[in-house]
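Chemist: Quick one: structure below, then a few questions.
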Amino acid sequence: MNVSLVNLNNLSENELNEFIFKFLSLSKSDVDEDNKEELYKLIIEKLFEINQSHKRKYSFSNSFKQINNRLKKNSIIEGLFDLITFFESIEEYETCALIKKIKDNLLMDL
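Here is the structure:
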């Protein structure tokens with residue numbers, strides 16, 4: 462396992478939201494297949510943590526609303542679709558349900 466440049470546990474709530482959005486918006490880029498599963502599981506772990514708290518879900522949604530660039534918002538939604546596809550392929554349907562719920566909430570804010 463490679464050492465991560467960013468320790469997600471040390472990020473503030475807003476920094477974590479920004480990191481997740483940046484990751485999702487770039488996930489269409491060629492992610493090295495060897496690292497894809499590890500990266501996706503890391504992101505989903507953080508999304509599960511966000512989903513456990515109403516305050517964090519509100520903060521996540523607000524961070525999304527504050528993005529002015531519509532293309533970036535669309536890229537984030539596409540990144541969520543990529544996550545759903547990936548977790549369906551490895552048959553983690555509970556994870557897919559969570560991502561779909563998050564995607565639907567963000568789409569309402571689009």
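All you need for this note's numbering is the position in the sequence shown, starting with 1, plus 461.
C-beta: ideal position from N, C-alpha, C; glycine also.
1. Hey, is the region 493–502 in contact with the region 527–542, meaning 3+ C-beta pairs nearer than 8 Å?
2. Helix, strand or coil for N468 per DSSP?
3. Pull up the CB-CB distance for F525 and L567, whole angstroms please, since I reckon it's below 8 Å.
4. When you compare the CB positions of I528 and K507, do they come within less than 8 Å of one another, or not?
Modeler: The answer reads as follows:
1. no
2. coil
3. Their Cβ separation, rounded to whole angstroms, is 5 Å, which keeps F525 and L567 in contact under 8 Å.
4. Going by beta carbons, I528 and K507 fall outside the 8 Å limit.
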